[in-house]
Amino acid sequence: MEQLHARNVVIGTGAMGSATAYHLAKRGEPVLLLEQFAIGHDRGSSHGVARITRHSYADPRYARLMLDAFRAWKDLEVDAGQNLYLRTGGLSFCPPQVDYVAQVAASLAAIDIPHRRMSGRALRHAFPVFDLPDDTDVVFEPDAGLLAAARAIALQRELARQFGGDQTRVLAECPVRSIDLEGNKPVVLTDALRISADRLIVTAGAWAGRLLPQFPVALRPTRQQVLYFRPNDPAPFAPGRFPVFIHKGADALDDFYGMPEYQGCGVKVARHGGPEVDPDTMDRAIDPAYLEIIHHFLKRSIPALVEASIERTEVCLYTTTPDEHFRLGSRPDCPNLIMASPCSGHGFKFSCLIGRVLADLATQGATDIDIEPWKL
Ligand SMILES: Cc1cc2nc3c(=O)[nH]c(=O)nc-3n(C[C@H](O)[C@H](O)[C@H](O)COP(=O)(O)OP(=O)(O)OC[C@H]3O[C@@H](n4cnc5c(N)ncnc54)[C@H](O)[C@@H]3O)c2cc1C
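Residue numbers (full-length UniProt numbering): 1 to 376.
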C-alpha cells in the first residue's frame with residue numbers, strides 16, 4: 001500500500017466538497033479531493049442542472065445566512081467569469097391554516113429583502129398558470145431564482161485546479177474505506193493508499209454517517225424523485241414568466257416545489273421528502289404512485305401541466321439530521337477532522353458559502369460567518 005501525506009484531504013466531490021476545494025486552493029492551500037465514483041456522477045445529492053435559491057425561509061437564521069450565501073455565489077461568478085445565478089422570482093404558498101408564509105414574510109422583512117405578500121386570487125392575476133384557491137397565503141420574493149448546479153460544481157473544481165496547479169489533486173473512483181482517528185493526525189485508507197492528513201474534511205453526503213460513525217447526530221438518507229414536464233405551450237413556463245415555487249401543506253407529505261424550464265430539461269416538479277434508503281442499493285425507477293401524487297398536486301395548483309408529457313426523471317438523495325438542521329464543524333477532541341452534514345434537502349444554495357466556512361475552519365480554526373446555530 002502506498003503511503004502519502006497530504007495537508008488537506010477532502011472526501012467527496014459533490015456540491016460541498018468541490019466548494020471546499022475551491023476555497024482552499026484560492027487561499028494557496030494544497031488539496032487532495034477523493035471521490036468514490038466518477039466525477040460528476042448521478043448517485044448522490046448534487047446532480048441535475050439547477051437548484052432553487054432564495055432568502056425565503058421560515059427560520060430567520062437561514063434567511064440571514066442566505067445574505068452571506070448570495071455574496072459567496074457572486075464572488076464565485078467573478079472568479080469564474082461566468083453567470084451562475086438566474087433571477088426568476090420565487091413563490092412560497094400554503095393553505096390559510098398553515099403559518100409558513102407568515103413566517104417567511106417575517107424573515108424577509110427582518111433582513112430587508114423585497115417581497116410581496118398576496119392572496120391566491122392576486123397570484124392568479126400575477127401568474128395565471130397558478131390556479132389556487134382565493135384564500136391561499138402567498139409571498140413572492142423577486143430575488144429568488146436558480147443556480148446552475150452542475151456547472152457551478154464543475155467550475156469550482158476547475159478553479160481549484162487553476163488556483164492550485166499541481167497542488168490540487170482529484171482522485172476519482174477512489175472510495176475511502178475507513179478513517180483512523182487514533183493517532184495525532186487523521187489517516188484515510190483507500191484500496192491502494194494510506195493517507196495521513198494534517199486536516200481531513202468530510203463532505204461525503206449520504207455516505208457520511210457510514211464513513212464517520214462518530215458523527216455526533218444520526219444522518220438519514222432518503223430517496224427523492226424528480227419529474228420534468230414538457231408542456232404543450234412552453235411559453236408561460238419560461239424563466240421570467242414562471243417563478244421557482246415552494247408549496248407547504250398542512251402535513252409533511254404535502255410539500256412540493258418546482259422551477260421553470262431551464263436548459264431544455266422541462267419544468268421541474270417534485271415532492272419534498274421520501275423513504276429512508278441505503279444509498280448503495282437505492283431503486284432508481286420512479287414509483288407509479290408518486291406520479292399520481294404529483295398529478296394530484298398539479299390538478300389543484302398548476303393545471304396546465306396535468307396533460308404535459310414527462311420529459312425526464314431523476315432519483316436523488318437527501319440526507320437529514322433528526323431536526324433537519326445543518327451540522328458543521330469539528331469535535332473539540334479532534335480539531336483536524338472537519339465535518340459537514342449534507343444539509344438535508346436545501347443545502348445547495350448554501351454550498352459555496354459552506355465550502356468557504358469549511359476552508360476557514362480547516363485553515364484558521366474559526367470563521368467570521370455566523371454558524372453558531374449549526375455548530376457541532
Ligand atoms: C432532488 C433534490 C433537489 C434538491 N433541490 C435543492 C434546491 O432546489 N435548493 C437547494 O438549496 N438544495 C437542494 N437540494 C439539496 C442539495 O442538492 C444538497 O444539500 C447538496 O447537493 C448536498 O451536497 P453534498 O456535497 O453534501 O452531497 P453529494 O453531492 O452526495 O456529495 C457527496 C460525495 O461524496 C462522495 N463519497 C461518499 N462517500 C465516499 C467515500 N467513502 N469515498 C470517496 N467519496 C465518497 C459521494 O460519491 C459524493 O460524490 C436538493 C437535493 C436533491 C436530492
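C-beta: ideal position from N, C-alpha, C; glycine also.
- Nearest Cα to R331 within the set F348, W374 and A106: W374.
- In this chain, V138 is not harboured by any alpha helix (DSSP H); it is covered by the beta strand (DSSP E) spanning D137 to E141.
- Secondary-structure assignment with DSSP links S196 through a beta bridge to H5 and V187.
- Closer than 8 Å to some heavy atom of ligand 1: that describes the Cβ of H41.
- By the CB criterion at 9 Å, V267 and R210 fall outside the cutoff.
- A144 and P243 do touch by the CB rule: their CB atoms are close to 7 Å apart, below 8 Å.
- The beta carbons of F348 and S107 sit no closer together than 9 Å.
- Under a 10 Å Cβ-count criterion, S178 is classified as exposed, with fewer than 16 other Cβ atoms of the shown protein chains found around its own Cβ.
- Distances from the CB of E292 to the heavy atoms of ligand 1 are all 8 Å or more.
- The C-alpha of E292 lies about 26 Å from the C-alpha of R220.
- Within the DSSP secondary-structure output, P221 pairs in a beta bridge with T319.
- Taking 9 Å as the cut-off, the beta carbon of I294 is found no closer than this to the beta carbon of F350.
- Taking 8 Å as the cut-off, one finds at least one heavy atom of ligand 1 near enough to the beta carbon of G12.
- E314 sits in a strand when the DSSP states are folded into three classes.
- R27 places its beta carbon 9 Å or farther from that of I246.
- Straight across, the Cα-Cα distance linking A160 with R121 is about 49 Å.
- Going by C-alpha positions, Y22 is about 16 Å away from I338.
- Boundaries around P60 are those of the alpha helix (DSSP H), P60 to A80, since no beta strand (DSSP E) includes it.
- With contacts defined as CB atoms closer than 9 Å, P279 and G44 qualify as a contacting pair.
- One thing to note: M16 has its Cβ within 9 Å of the Cβ of P342.
- Note: D180 is bridge-paired with V187 in the DSSP secondary-structure output.
- Between the segment 197-216 and the segment 4-16, the count of C-beta pairs closer than 8 Å reaches three or more; the two stretches touch.
- Here DSSP, grouped into helix, strand and coil, assigns S301 to helix.
- Straight through space, the alpha carbons of P186 and A58 are spaced by roughly 38 Å.
- Counting along the chain, the unbroken beta strand (DSSP E) around A340 starts and ends at C334 to A340.
- Using a Cβ distance threshold of 9 Å, L146 and P239 count as a contacting pair.
- Per DSSP, L147 lies in no alpha helix (DSSP H); the unbroken beta strand (DSSP E) holding it starts and ends at G145 to A148.
- Note that the C-beta distance between R169 and M1 is not below 9 Å.
- Setting aside the 5 residues that flank it on each side, P303 is surrounded in the same chain by D131, each with a C-beta closer than 7 Å to its C-beta; the list follows chain order.
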